[in-house]
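Trainee:
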Amino acid sequence: MKFLSRNSLQHSIFFFTLLIVFVPLVSLGIISYSKHTDNIVNNVKRADENTVDQIVANITFFLGDIHDLSLFIIQSSQAQNLLTSNYEKDSNAFLQEKRQVEELLVHLIGSKEYIKSIQVQDQSDILINTNGVNIPISNKEKQDLLKLNGKAAVIEGEDGPSIRYTRLVKNIHDITEVIGYITVELNLEYISDLFQTEDPETKDTYFW
14 MKFLSRNSLQ HSIFFFTLLI VFVPLVSLGI ISYSKHTDNI VNNVKRADEN TVDQIVANIT
74 FFLGDIHDLS LFIIQSSQAQ NLLTSNYEKD SNAFLQEKRQ VEELLVHLIG SKEYIKSIQV
134 QDQSDILINT NGVNIPISNK EKQDLLKLNG KAAVIEGEDG PSIRYTRLVK NIHDITEVIG
194 YITVELNLEY ISDLFQTEDP ETKDTYFW
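Here it is, written out as structure tokens:
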């Protein structure tokens, strides 16, 4: 009986000692794990937010830049002269004006990776496309642009993956006269790279 009592006492002491040591360790482990998990989640969340903020900043920047560039072209004397010219389209004078506008466009988009091409179209014909792939503006698009009265439209292509920034060109001497259209086609590979970045540092129509 004495042996059993002593053995039982030893077991009891061992159990309570284990309980006193084990429970705090488990609790501490759970708390540490929870804090560590929260830190990881918060870090991932901050990284995602930074990435989204950077993407938005990039898109806002190049759309603003395209807006300014289109205004510059519309108001340029070269584009205005080309679109208001009364010369025959195969005349040397007309071809000279066309060449001047082409040189201007190529110069403007030379360092802009997010621009694939720029197209200038009068009321009937495409006069210039910097990459040689003509995409005429449809009659519906023309009507939509007329309703916008000079504001731009971003149009998703129907014949393939493309996004085009399009707006009217008005005669700067008579703003009631529409003399043409300018289309800036965006580089989808460049835009796709913006959405695929992992570094936190680093057929619809939309109007605005």
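If you want the working numbering, it's the 1-based position in the sequence shown plus 13. Note that CB positions come from ideal geometry on N, CA and C, so glycine has one too. Here the structure is a predicted model, which means the values were calculated and not measured.
(1) Based on Cα-Cα distance, which residue from S124, S137, L108 lies nearest to N200?
(2) Below 8 angstroms, can you find three or more Cβ-Cβ pairs linking the region 57-73 to the region 146-155?
(3) On a Cα-Cα basis, can you pick out the residue from N94, D138, I86 that is closest to V119?
(4) By alpha-carbon positions, which one of N105, T196, H186, S175 ends up nearest to S205?
(5) Can you tell me which of the three DSSP states Q109 falls into?
(6) Straight-line CA distance for T143 to V54?
(7) Give the list of continuous alpha helix (DSSP H) stretches no shorter than 4 residues that lie fully inside the region 99-181.
(8) With a 10 Å radius around its C-beta and 16 neighbouring C-beta atoms as the bar for buried, classify L224 as buried or exposed.
(9) Give me the Cα-Cα distance between D187 and Y203, rounded to the nearest whole angstrom.
Mentor: Taking the geometry as given:
(1) On the sequence shown, position 187 is the one that residue 200 refers to. Here the closest residue by C-alpha is S124.
(2) no
(3) What you label residue 119 is simply residue 106 of the sequence shown in a count that begins at 1. Here the closest residue by C-alpha is I86.
(4) Translated into positions along the sequence shown, residue 205 becomes position 192. Cα-wise, what sits closest to S205 is S175.
(5) Here residue 109 refers to the residue found at position 96 when the sequence shown is read from its first residue. In this structure, Q109 counts as helix in the three-state DSSP scheme.
(6) As a working mapping, residue 143 is identified with position 130 in the sequence shown. As a working mapping, residue 54 is identified with position 41 in the sequence shown. So the alpha carbons of these two residues sit roughly 47 angstroms apart.
(7) 105-121, 152-161
(8) The structure shown has nothing for residue 224, since the chain only spans 14 to 221.
(9) Residue 187 sits at position 174 when you count from the first residue of the sequence shown. Residue 203 sits at position 190 when you count from the first residue of the sequence shown. Cα to Cα, D187 sits roughly 37 angstroms from Y203.
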